[in-house]
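Chains as they are written, first to last, in my numbering: chain A, 4 to 220; chain B, 296 to 842; chain C, 2 to 109; chain D, 620 to 936. C-beta: ideal position from N, C-alpha, C; glycine also. Heads up, the thing below is written out as structure tokens.
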Amino acid sequence: MTAGSGLPHEFQYADASHQANTAIAGMWLFLATEVLLFGGLILCWIYSRHWNPVGFDAGARQTALWIGTLNTALLITSSFLYALGVAFMRVGNARALIHCLVLTLMLALAFLVLKFGLEYRDDFARHLFPTATRFALTGAEAAGGRLFFIFYFLGTGLHGIHMLVGMGLLVWIIRRARRGEFSPQYYTPVEVVGLYWSFVDLVWLTLYPLIYLVGRG
Amino acid sequence: MNSTAADTDIAVPRGQTEGSYLTDGYSVRSWLLSTDHKRIAMLYLASITFFFFIGGAAAALVRLNLIVPEGLLGSAEAYNRLFTMHGVIMVWFFLVPAVPVTLGNFMIPLMLGARDLAFPRLNLLSWYLFMAGGVVTLWALFSGGLDTGWTFYTPLSTAYAKGHVVMAVVGIFISGFSSIATGLNFIVTIHQLRAPGLTWYRLPVFIWSMYSLSVLLVLATPVLAITLVLLAFERLFHIGIFDPAIGGDPLLFQHLFWFYSHPAVYMMILPGFGVVSEIIPAFARKSLFGYKFVVWASVSIAVISFFVWGHHMYVAGTSLYSALLFSILSYLVAVPSAIKVFNWLGTLHKGYISFDAPMLYALGFVGLFTIGGLTGLWVAALAADVHLTQTYFVVAHFHYIMVGAMVSAFFGGLHYWWPKITGRMYPEMWARIAALIMFIGFNLTFFPQFILGYLGMPRRYFSYPPEFQVLNVLSSAGATILAAAYLLPLGYLVWSLLYGDKAPANPWRATGLEWKTPSPPPTVNFLVTPVVTTGPYEYPPPERTSG
Amino acid sequence: MSVQSPKQSLRTEVARLVRLWVLLLLVGAVEFGASFLPLGHLGRPLIMIPAIAMIGLVAFGFMNVTKGPVIVRTFAVAALFWLLILLALGSVDPLTRVNYTVPTPDQR
Amino acid sequence: MNLWLPAASSNAPETDRLLWALLLMSCVVLALVFTLLLRYIVKYRATSPLDRGSVSQKTWRLEVGWTAATLVVFFGLFVWGADLYVRLFQPPQQALKIYVVGKQWMWKVEHAGGQREINALHVPLGRPVQLLMTSEDVIHDFSIPAFRIKHDVLPGRYEALWFTATRPGRYQLYCTQFCGLDHAKMTGSVVVLSQPDYANWLARNGDDSTLAAQGQALYMRYGCSGCHGGNGVGGGASGSTVRAPALVGLYGSPVALAGGTTVIADDRYLHDSIVMPQSEVVAGYEPIMPSYAGQIDEEGLLKLIAYIQSLAAQANP
């Protein structure tokens, strides 16, 4: 962790490392609340799939598997790059950190372009939005299909919002790194945003199989 | 554990050290933008009181309507929207936030020997989120309101209810984040900012109950957030995950809703346990009986309260096995509450009891909570609940816990720490009168409802069969006494702000770090960080005075 | 870490991260492949096992849940425990709920 | 003002015994808590010069004692409550089946013999009655306090509730799940008649045709016979060009579905097959049946199901 001596810290902390530990603990607790937020959605997935097995899986087969899989790879790589950046920062190489973060940002942009640019537009074109009057799936698969796409749009939409927030934080960290605010002794904000970014990756790692893979059979 | 030894770091100074937090800036801006936990607690106290009287007014109109069997207000529409307003305002804008954000915000740093909460700016954001949610919800309620009850059951709330459902849902959604922020702040503070020497088993029970409460706040509220998003989605797009027409399950909404709402009722009572566990030792001059048992009772309530939500749905159509499972778990969660009551009695045993106002509220709490808790066992028994659920028996049960126990504890805590918060003593005689009137008015209001419930009078009924009228009139009469009992403290507490005599640092000669700093405390709480060497309730027996 | 020079500690850290990244992609591939196995309707959720493995890798590898203050671990375990409570206890009802059953012809 | 609720069903006395036991237990605990509270307040008030003596710190023996006691009492209460509750889920075999449809702010009751009631339910004395309930809009709750029973009525599902009336008379019926504007007006009365009176009532109120007969009328009017053949003999047999499964002997027997799974042809299956015909297509048949959602209300569906059920009875008496 960061050595604590000689650094400014808020008045209610004994020293800077105490404040750093508190910030990290605070972010982990916030991530615990996010786990419960998406947990509610997973319970919806369990119920909807249990009561409408045929239709729900039929809906899952309509999703673009290659976009989902590519996006998963992109997010895993972005998490890796972020961790790489932190490793460089720990030894004081701020320039390498900035490069890694910019790359992470590019991958995130690619994810959003693939997701909302390509996949959502294709979904709307194929009348997959659950409220569509001429819904793509008919007959036995209509009800379960609509339920699946309600889960799909809510899950990926909520994850998309978290991606945007994460990218905002990334830009904020990149600007602070450029201003040289970080040093091997003090880079807590980089770590805290890294936790949030990896968590957004975790959410996608759960949504990806639930949406693209489980119903594929 | 913060170490003060090598304090080579530059502590960024904040605020002056002489005078009190009240004299540290008088401008509106110094209040509305303050990150001092004590000032934020005062802002919350004002908001809480405002919402309490709005919810109370709605309750008064509901009781007014039930004086005659055909409904005095004349329109079921108005009645349905009134009891929904009473529910929504009271649950989310008074009961859940009341003790933690006012007394908790003020007392946690003081009791821990800390200078402020871990994230002061997050604390201020929490108040603004609370007010934003409150304004949106009030706007929804006063521009027509909604007739779904505070439980928002689908498909009524999503397809058939008229009224501003989505706006109210958005308001509650925003105030949910205020709860999460407060809970997060408390948990991290209690872990990280304890004074040197203040080990976990030297913490006052109030801190333990704030910790357990924060676990509930932080882990249950997000599920409410996603439930409200799903509900708003279904109402706006006329198609959703709970819609039976497309194979959705309305019981899924009830599961998600009660997964939050049962921990929510424990969020309301846990602070009451904490406050009473502080007051009883202080006024019995004796250390808390079975400290470790009371502590682990609070923590186990925080965990087990997440296992029991199914007992709200015994007749809702859930499966037999899930009902059996939730019933046995509901009996399990009642055990810690029983342990607490026995330990409070154990504390009174061989004590030196004085009957100041806080003690009257605490004793009232013990009595009324015992009745509320026991009737909880009635509705936890499956067959009894089939008869009693959705009737006035359940209304009486949860009002005994929320109003009888929780509001008494809130007033008890308010009076107990009033000298520390405002530096003024409240008028003792008036306070005792108010406590007694509240006790009488409360019992007259809600005890008849147990009988009404057994006789089968359903809840949320605008009109009812004539044979229930006498008990309803009794209940409405009690409500007027209760309303008077709530206005009394508002009066004399405000009066004490101006004319109350100056309060010493420790008027009750109580133990606890909060009494080791002047009343009202300076902005930095402690001029020198205190070092704790003893347990929480070391009350020496009083030396034999002449009397 | 203290004995190694910063250059060496950087190299070991980068190597660890690269190994972790490759492992993640591999498990992802396994998960992708498993989705084509002919598992029955009830067997499909088994595809979540590699997903959970990847989550563990990210949590331990990139987020360093085990390094740092102890309460980080308690918060992570608490989040998992409460999530399990919500999903497990929440699923008891639909999995054991029996719709109104009709007496079979011979019982009538 | 009466403080006494009649116990008019077989499970009412048992539920009352449980409630009395709970009341007794509560009074004992309250007496214990309140007497201790008052005794300590008087005996140990600050001004009393009584010598308090030493205060024992070994508290765990007491704690374990009262915790164990509460656990035992609670477990006993759980078992008692659960035992009665389980019986509510096990209707006796020969229960008289009556259909109930909840609609925003009224109860519609359909007897097998075709008698129809609004906000009223006439039942025979001493014979188990099983209510098969569904809702046309929101969640309602069929509650009879005098019988100590209630059960939510959900849209899109059939919920069952059974009881055996043991005392004749008129008892109050409520809707106890908030369902909107006139939730308070959605009440009625349950009339328990002795066997002969019940038979007379059935005769007096039965219009010409039983539920099944009315179902047959609907079966003809909506053209079901065109594909399923006159009195449900099946598409091929009755010479109609369209191939549709036979309905004779269908009710309660297993049906192989196109997806490979089999399902019992119960009320839910028949209800869903009429409203969403393509949701569970019979194996070997094309999903060509049009949906009647919105055209036939819940009452009509009950009649058609009763008719199909009567076909099963004729086929194998």
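query                                                                                                                                                                  : result
Could you name the residues of chain D that A:VAL57 contacts, counting a contact when the two beta carbons are closer than 7 Å?                                        : GLY878
So if DSSP puts D:LEU564 in a beta bridge, which residue, or which two residues, is it bridged to?                                                                     : The first residue shown for chain D is 620 and the last is 936, placing residue 564 of chain D beyond what the model contains.
Compute the minimum distance between the beta carbon of B:GLY543 and the heavy atoms of the ligand NAD, and state whether it is under 7 Å.                             : Looking at this structure, you won't find the ligand NAD or any other ligand, since it has none at all.
Alpha carbon to alpha carbon, what distance is there between A:PHE151 and B:LEU532?                                                                                    : Correcting the residue type first, residue 532 of chain B is Phe in the shown sequence and not Leu. Their Cα atoms are separated by approximately 15 Å.
I want to know whether the region 667-686 of chain B touches the region 738-748 of chain B - three or more CB-CB distances under 8 Å.                                  : yes
So which residues on chain D does A:GLY142 lean against when the C-beta distance must stay under 7 Å?                                                                  : GLN897 and PRO906
What in chain D is Cβ-close to B:VAL630, meaning under 9 Å?                                                                                                            : THR686, THR689, LEU690 and PHE693
Short of 7 Å in beta carbon distance, which residues of its chain neighbour D:LYS716, apart from the five on each side in sequence? Order them along the chain.        : ALA731, GLN749 and LEU751
Quick one: is B:SER325 buried, meaning 16 or more other Cβ sit within 10 Å of its Cβ, or exposed?                                                                      : exposed
Kindly say whether C:ARG45, judged by its beta-carbon, lies nearer than 8 Å to any beta-carbon of chain A.                                                             : yes
Less than 8 Å between the C-beta atoms of D:VAL867 and D:VAL874, yes or no?                                                                                            : no
So is D:GLU755 in contact with chain C if we call contact Cβ pairs under 8 Å?                                                                                          : no
Are the C-beta of A:MET4 and some C-beta of chain B separated by less than 8 Å?                                                                                        : Unreliable positioning characterises A:MET4 in this predicted model, as indicated by a pLDDT of 34, which lies under 50. The coordinate reading is nonetheless provided below. Chain B contact via Cβ: absent.
In the DSSP output, what is D:ASP760 paired with across the bridge?                                                                                                    : D:ASP771
Bridge partners for B:PRO364 per DSSP, in chain order?                                                                                                                 : According to DSSP, B:PRO364 bridges with nothing at all.
On the three-pair Cβ rule with 8 Å, is the region 118-133 of chain A touching the region 511-525 of chain B?                                                           : no
Specify, as a first and last residue, the run of the alpha helix (DSSP H) that A:TYR16 falls within.                                                                   : Note, A:TYR16: premise wrong, no alpha helix (DSSP H); not H, not E.
Going straight from the alpha carbon of D:LEU869 to that of B:LEU547, what length do you get?                                                                          : 32 Å
Does D:ASP885 come within less than 8 Å of chain E when only Cβ atoms are used?                                                                                        : Of the chains in the structure shown, none is chain E; the protein chains are A, B, C and D.
How would you write the range of the beta strand (DSSP E) that D:ILE883 sits in, first residue to last?                                                                : 881-883
Within the continuous beta strand (DSSP E) that includes D:ALA875, where are the two ends?                                                                             : 873-875
If you draw a straight line from the alpha carbon of A:LEU121 to that of A:GLU37, how long is it in whole angstroms?                                                   : 27 Å
Along the chain, where does the beta strand (DSSP E) containing D:CYS794 start, and where does it finish?                                                              : 788-794
On the CB-based measure, 16 or more other CB atoms within 10 Å of its CB, does D:ALA627 come out buried or exposed?                                                    : buried
When the Cα atoms are used, what is the spatial distance from A:THR80 to A:LEU110?                                                                                     : 8 Å
Just to confirm, are B:ILE469 and B:GLY428 a CB contact at a threshold of 8 Å?                                                                                         : yes
Check the Cβ of B:ALA618 against every Cβ in chain A and list those closer than 9 Å, keeping chain order.                                                              : Residues of chain A passing the Cβ test: none, with the nearest at roughly 17 Å.
Measure how close the beta-carbons of A:THR25 and B:ALA413 come, nearest whole angstrom, since I'm counting them as under 8 Å.                                         : 5 Å
With a threshold of 6 Å on Cβ separation, who are the neighbours of A:LEU84 within its own chain once the five nearest residues in sequence on each side are excluded? : CYS103, LEU106 and THR107
From what residue to what residue does the alpha helix (DSSP H) around D:THR753 run?                                                                                   : That residue, D:THR753, is in no alpha helix (DSSP H); its beta strand (DSSP E) goes 747-754.
At 9 Å on the CB atoms, spell out the chain C contacts of B:THR818, in chain order.                                                                                    : Near B:THR818 there are no residues of chain C at all, since even the closest Cβ is about 28 Å away, more than 9 Å.
Can you list, in chain order, the residues of the region 786-798 of chain D whose Cβ is nearer than 8 Å to any Cβ on chain B?                                          : GLN791, TYR793, CYS794, THR795, GLN796, PHE797 and CYS798
C:LEU24 touches chain A at which residues, Cβ-Cβ below 7 Å?                                                                                                            : Result: empty, since nearest Cβ-Cβ is about 10 Å, beyond 7 Å.
Should A:ILE177 go down as buried or exposed, given a rule of 16 or more other Cβ atoms within 10 Å for buried?                                                        : buried
Looking at chain D, is there any beta carbon in it that lies within less than 8 Å of the beta carbon of C:GLN108?                                                      : For C:GLN108, the pLDDT reaches just 49, beneath the cut-off of 50, and the residue's location in the model is therefore unreliable, although a value from the coordinates is still provided. So yes, C:GLN108 belongs to the interface.
Please state the DSSP three-state secondary structure of B:LYS587.                                                                                                     : helix
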